[in-house]
Amino acid sequence: MNNAIRHTWVVSVALFVSLFAALSLIQVVFSDDLNSDSRNSRQTIADAGAPRGPITVDGTPIAESVPSDTTQYDYQRVYNEPELYSHLTGYFSVVQGRASEAGIEGALNEEISGHSDSQFFDRITALFTGETVMGAQVELTIDPELQRLAYDQIPNDQRGTIIVTDLRNGEIKAMMSKPSYDTNELAVHSSTEYQENMERLDEQEGLHVNYNVAVGRPIFPGSSFKLITALAMLESGDYELDTELDNPSSIDLPQSDRTLPNFAGGNCAQRSQAELNWIFAQSCNTPFAEAAMELGEESIQEAAEAYGWNEAMRIPVYVQPSRFPETTSDAELALSSIGQASVTATPLQMNMAAAAIGNGGTLMKPQLVDTVRGSDLQILSNPEPEVLNDVMDESTAGELNEMMVGVVEEGTGWRADSGRFQVAAKTGTAERGDDTGTYNSWITGFAPADDPQYAVTVVYEGIDLGTGTDLTGRQMLTMLEAVIDE
Amino acid sequence: MKSQDHEAHPKPRRNVELLLLLIALTIGIGAQVLVGLNLEDTIDQRYWTEGGVQVGLALAFHIALRLRAKYADPFILPIVVTLNGLGIAMIHRLDFTNQYDGVADRQLMWTAVSMVAAIALLVLLRDHRRLRQFSYISLAVSVLLLFLPIVPGLGQDIQGAQVWVSIGGMSFQPGELAKITLAIFFAGFLANNRDLILLAGRKVGPLTFPRLQDLGPLFLAWLIALGVLIVQNDLGNALMFFGLFVAVIYVATSRISWVAIGVAFVAVGAVLAYQFVWHARNRFDIWLNPFDPEIYDQAFGSHQLVQGLFGLAHGGLTGTGLGSGSPQVVALANSDMIIVAFGEELGFLGLSAMLVLYLILFSRYMRAGLGTRDHFGKLLAVGLAMVLVLQVFVVVGGITRVIPMSGLVSPFLAAGGSALLANWLIVAIVLLISHAARRPIVVGPMLNTTGKGASGTEDPLRGRNTGEQQPVSESQGSATAPALKEGDS
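Below is the structure:
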C-alpha cells in the first residue's frame with residue numbers, strides 16, 4: 001500500500017511540475033507578448049496610476065490629475081474651465097487608453113506622463129526611492145483673460161474661431177473655437193459613460209473632439225487670400241499701390257461657361273477702373289483674377305508657400321497644412337486667387353499671413369507652449385522665438401501694411417476701426433460650395449499699424465452674410481483693444 | 001526512508017511547530033501590514049486587532065495539539081496558517097479597489113469559525129478511526145450535500161454553476177463539505193472490501209483487471225461526478241471527486257489497472273460532456289482558443305482567462321509588489337482568480353514559493369498516510385491529500401491553461417467560507433492521522449487482530465531487540481491507551 005502512496009505522490013509532484021512549467025512560460029518566457037496585447041489594459045492603468053503633470057495657463061492648472069478612490073484607476077484627470085480650453089488641451093481617456101491627439105495632452109503626452117527622454121533620470125531616481133514619477137508641467141502661452149474674452153464674444157449657436165498671437169515672437173495669446181465641450185465628460189473612467197458622452201458630442205453639429213478647428217480644419221479663405229495674391233503681384237514688380245487696374249463687374253473665365261463677378265453688395269461697382277490700393281480695400285474680385293492669370297500659377301503658389309501653405313507643422317499640436325494645390329486651368333487659378341476653388345486655409349494660417357506682414361515680412365513660428373518643467377520644476381524645454389520664414393522684404397511688408405490699413409479706414413473692414421490706434425486688416429467672405437446660402441466670414445489683421453504687436457483672426461464658418469461681416473470686424477476690434485495697452 | 005522516523009524515539013516536536021507558527025504569523029500579518037503601508041492606509045488599531053485574532057487562533061490550535069495530539073505533524077499547521085494569512089492579506093488588498101469591500105473581515109470571521117470548528121473536531125474526535133463507522137452514512141450525507149443546491153427554493157445559480165445554498169441570507173457551498181464525507185466513504189468502503197477486490201480479477205498482460213461486479217463502486221463514483229457536472233455545471237468538483245476515487249482505489253489495491261480504467265472513464269465522461277453539456281464544451285473551446293476575438297468577446301467567453309494571463313505576465317519574475325498591480329481587472333480576483341492576484345503582485349518567484357508550500361503540505365498529508373498503521377487511515381490520508389492536490393492543480397492548471405478552466409478555489413487562499421471550513425476540517429483529520437502515525441506504538445486490541453507481532457501491525461520496532469519497546473508501552477502507553485479504547489468501541 002505504501003508503494004502505491006509513493007507512486008501517487010510522484011504523480012502529484014509531476015502535476016505540480018507542469019504547473020511550474022506553465023507559470024514560467026506565462027510569467028517569464030512569453031510575458032512580453034502578453035504585456036503588449038492590445039486587450040491588456042494594465043499598462044494604461046499603470047500610466048493612469050502615475051499622475052500626469054498639469055497643464056497651466058498663467059500658473060493656474062487647467063488640467064490636473066487628482067487622486068481617485070472611486071475606480072480601479074488611481075487618478076482622475078480633471079479639467080478646469082473645460083469649455084474655454086477643451087480644444088487646446090484635448091483630453092486624456094483611460095477608456096481609450098491614450099490621450100487625444102487634438103491638443104497638448106496628446107502632443108506632449110511623453111512629457112506629461114513622465115516618459116520623455118529628458119525625464120530619464122527622474123524615472124531612475126523614482127525606481128530607487130519608490131516614489132511615482134511625476135509628469136512634467138506644461139505652461140501655455142495663453143492669456144486666460146483674453147481666452148475668456150474670446151469665449152464670451154463667440155455666440156453659442158455659431159461656429160466661430162478667434163486667434164490672437166503676438167506677432168513679434170509667435171506666442172499664441174488666445175485660441176478659442178465654438179462649439180466647445182466639457183472635456184471632463186471624456187475623461188470619465190467608466191467605458192459605458194464614455195461611449196454615451198462621445199455619441200452625444202458626436203451628434204453636436206460643428207463640434208469636433210478629434211481635432212482643434214483653429215489648426216486642424218482648412219476651409220475656403222475667400223478674399224482674405226488676396227493677402228497672398230497681392231504679395232505675388234507686388235513681388236512681380238509689375239504692380240504698385242497706385243497702379244490703375246481694370247475693374248469690370250464680372251469677367252468670363254477662360255475655357256469655361258462660368259463668370260467671376262465682383263461682389264454685388266459692395267462699392268466695387270462705383271469704378272470701372274481703380275488703383276490697386278482702392279481695389280484691395282473694397283475687395284474687388286475681377287482685377288485680382290486677371291492679375292493671377294497674368295502672373296501664372298507658379299508665382300501665386302510661391303507666395304502662398306512663403307506664408308506657410310502646403311506645410312504641416314507642430315506647435316507642438318499638429319497643424320493641418322493649408323492647401324494651394326496645382327490648379328488644372330486658368331479658370332481654377334482665377335478662382336483660387338480670391339480664395340475659392342481649391343485653396344483652403346486654417347484660421348491659424350490666415351493669422352500667420354497677417355502676422356508676417358505686421359512683423360516686417362518675418363514670420364515667427366506660432367508657439368502654444370511657454371515652458372515644460374520637470375517634477376522638481378527644473379525647465380525641460382523652453383521654446384525660444386523661432387523665425388519660420390522670411391516671407392518678404394520689409395518694404396513690401398510696408399506696402400501691404402498700408403493696403404490693409406486702407407481696408408479698415410475706407411474699405412470692407414471699417415467695423416474694426418479703432419479710435420486708439422491704426423488697425424490693418426483684410427476681410428474675406430467665401431462661398432462654401434453648397435446651397436445653404438451661408439458663407440465663411442473672415443477677418444485677419446494686426447495693430448497698431450505703425451508698430452505692429454498683435455495679430456488677430458476671427459472666422460465664422462457657415463454663417464449668413466450680414467451677421468458674419470458684422471461679428472468678425474467688431475470682435476477683431478474688441479480683441480485688439482483688449483490686448484494692446486493704452 | 002520508510003523507517004527513518006522510527007529509528008529513534010518519536011519526539012512530539014511541538015516546539016518546532018511553535019517556532020514555525022511564529023514565522024507563519026509574521027509572514028501573514030506582515031503581508032497585511034505591507035498592503036496597508038503600500039496603499040497608504042493608516043496602520044491603526046484595526047490591523048493589530050485582526051493580527052491579534054490570527055495569533056490567538058493559531059496559538060489556540062497549537063495548544064489543542066499539545067493537549068490532544070502531541071505527536072501530530074509539526075509542519076502542517078504553520079503552512080496552513082501561512083497560506084490562510086496570505087489569503088486574508090490579498091483579500092484585504094483587493095478591498096482597496098472599488099470592486100470589493102469588507103471581504104477581508106468576512107474572511108477573517110470565517111477563518112475563526114473554521115479554526116474553532118477544526119479544533120472542536122480535533123478534540124471531540126480524538127482518533128480518526130472512529131470515522132470508519134460513518135462510512136455509509138457519509139455516502140448518504142455526500143449525496144445530500146451535493147444535490148442540496150438544486151432543491152428549488154434553496155439553491156442559487158451563480159456564474160452558471162448551481163453549487164450554492166442560501167438559507168436566511170447566508171450563502172453556503174455544501175459541495176465543499178462533500179469532499180470530506182466522500183473521502184471518508186471511499187476510505188471506509190475500500191478498507192472493508194479491499195481484500196475481496198484484490199483477490200478476484202483477470203490477468204491481461206501485465207495488468208490484472210477487476211471483476212465486473214467490483215467495478216460497481218467505481219461506476220457509482222463516476223455517475224456522481226457526471227451528475228455533479230451535468231446537474232450543477234460544476235466541472236471542477238466533478239473532476240476532483242472522480243480523481244479522488246481513482247487515487248484511493250489505486251492505493252487500496254496497488255493495481256495500475258484501476259488507474260487505466262479510471263482514465264478510460266474520464267475520457268468517456270469528457271466526450272459525453274463535450275457532446276451534451278454546453279457549459280463543458282464552452283470551457284473546452286476557451287481553453288484551446290482563448291485569444292480568438294470572437295471567443296474573447298462572447299458572454300461567458302475567455303475574457304476572464306485572458307485577463308488572468310495578462311495579470312500573471314504583468315507580474316513577471318518578481319511581481320509588482322503588494323498593492324502596486326491591477327489584480328482587480330480580472331473578474332473574481334479575490335476568490336476563483338486569487339492565484340492571478342498573487343502571480344501579479346508577488347511574481348513568478350512569490351507564486352512558486354506558495355506552490356511549494358502546497359507541495360510540502362500535501363507531502364505531509366501523504367506522509368501521515370505512509371506512517372499510520374491502519375488501512376482506513378492510510379486511505380483517508382491519501383484521499384484528503386488528493387483533495388488538496390486536485391484542488392490546487394485544477395485551479396492553477398485552469399488559470400495557466402494546463403487544463404480547461406473550472407470553478408474551484410485555491411485552498412486556504414480564496415475568499416469563501418465553505419471551502420475554508422472544509423479545508424480546515426481536513427487539516428484537523430490529517431493532524432489526527434499523523435498523530436496516530438508518529439505516536440509510539442501501543443500494543444492494543446485494535447492494532448493487533450491476530451496477536452502481537454503478526455503481519456499488518458507494522459510495528460516499527462518489531463524484530464529488533466532494542467529494549468525500547470517495554471518502556472514505551474509502559475510510560476507513554478498509559479496516556480494514549482484510553483483514547484484507543486474509546487476509539488475502538
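Just so you know, the sequences run in chain order A and B. For what it's worth, UniProt numbering labels the leading residue of the first sequence as 1, then goes sequentially. For what it's worth, UniProt numbering labels the leading residue of the second sequence as 1, then goes sequentially. Don't be surprised by glycine CBs; every beta carbon is placed ideally from N, CA and C. All of these numbers come straight from a predicted model, not from anything done at the bench.
Item                                                                                                                         : Value
Listed by chain order, chain A residues near V330/B by CB distance under 9 Å                                                 : Result: empty, since nearest Cβ-Cβ is about 10 Å, beyond 9 Å.
M403/A, DSSP secondary structure in three states                                                                             : helix
Below-8 Å beta-carbon distance, F92/A vs any chain B residue                                                                 : no
Beta-carbon gap between A303/A and E235/A smaller than 8 Å                                                                   : yes
Interface flag, G301/B vs chain A, CB-CB below 8 Å                                                                           : no
Chain-order list of residues whose beta-carbon lies under 6 Å from that of E111/A (same chain, five-residue window excluded) : A136, V372
C-beta neighbour in chain B for M404/A, strict 8 Å                                                                           : no
Beta carbon proximity, S336/A to chain B, threshold 8 Å                                                                      : no
Per-residue burial, M109/B [other beta carbons within 10 Å of its own, 16 or more giving buried]                             : exposed
Which listed residue (P152/B, L37/B, V116/B) has its alpha carbon closest to that of A60/B                                   : V116/B
Assigned secondary structure, K226/A (DSSP; H/G/I helix, E/B strand, else coil)                                              : helix
Alpha carbon of H62/B to alpha carbon of L226/B, nearest angstrom                                                            : 40 Å
Amino acids of chain B, ordered along the chain, whose beta-carbon sits closer than 7 Å to that of S65/A                     : By Cβ distance, chain B contributes nothing, its closest Cβ being about 16 Å from S65/A, past 7 Å.
T467/A vs T457/A beta-carbon contact at 8 Å                                                                                  : no
The stretch 189 to 204 of chain A / the stretch 163 to 177 of chain A touching (three or more Cβ pairs under 8 Å)            : no
Best match in Q119/A, Q96/A, T141/A for proximity to I62/A [C-alpha to C-alpha]                                              : T141/A
Selection of the stretch 345 to 370 of chain B by Cβ proximity to chain A, strictly under 8 Å                                : G347, F348, L351, S352, L355, Y358, L359, F362, S363, M366, G369, L370
Reference L477/A; option with closest CA among V423/A, S113/A, A430/A, Q378/A                                                : V423/A
Closer than 8 Å to chain A by CB, L317/B                                                                                     : yes
Partner residues on chain B for Q27/A, Cβ-Cβ distance less than 8 Å                                                          : L312, A313, G315, G316, L317, G343, G347, F348, L351
Classification of E297/A by the beta-carbon crowding that lies within 10 angstroms, buried from 16 upward                    : buried
Neighbourhood of R464/B by C-beta, 8 Å cutoff - its chain only, sequence neighbours within 5 removed                         : Residue confidence for R464/B is low, a pLDDT of 48 falling below 50, so the modelled location carries little weight; the figure read from the coordinates is stated next. Hits under 8 Å: none found.
Beta-carbon spacing of V306/B, F284/B below 8 Å                                                                              : no
Three-state secondary structure (DSSP) of D202/A                                                                             : helix
8 Å Cβ cut-off: residues of chain B touching S1/A                                                                            : The identity of residue 1/A in the sequence shown is Met, whereas the question assumes Ser. The answer, in chain order, is V251, A252, S254, H375, K378.
Cβ-based neighbour list, V55/B, same chain, cut-off 6 Å, excluding 5 preceding and 5 following                               : L25
Chain-ordered residues of the stretch 10 to 23 of chain A with a beta carbon less than 8 Å from chain B                      : S12, V13, L15, F16, S18, L19, F20, A22, L23
Sequence-distant residues of the same chain with beta carbon closer than 6 Å to E176/B, five excluded per side               : S418, A419, A422
Three-way DSSP call (helix, strand, coil) for W309/A in this model                                                           : coil
Same chain, Cβ closer than 8 Å to V408/A, five either side skipped, listed in chain order                                    : W414, A416, D417, Q422, V423, A424, A425, G445
Residues of the stretch 387 to 404 of chain B with Cβ closer than 7 Å to any Cβ of chain A, in chain order                   : V389, F393, V396, G397, T400, R401, V402
Local Cβ density within 10 Å of K179/B, reported as buried at 16 or more and exposed below that                              : buried
Sequence-distant residues of the same chain with beta carbon closer than 7 Å to Y194/A, five excluded per side               : S93, V95, L186, V188
Boundaries (first-last residue) of the beta strand (DSSP E) holding S441/A                                                   : 439 to 447
Endpoints, beta strand (DSSP E) assigned at F96/B                                                                            : First-last for F96/B: undefined, no H or E at that position.
Rounded C-alpha distance that separates P241/B from G350/B                                                                   : Per the sequence shown, the amino acid found at residue 241/B is Phe instead of Pro. Computed Cα separation, rounded: 30 Å.
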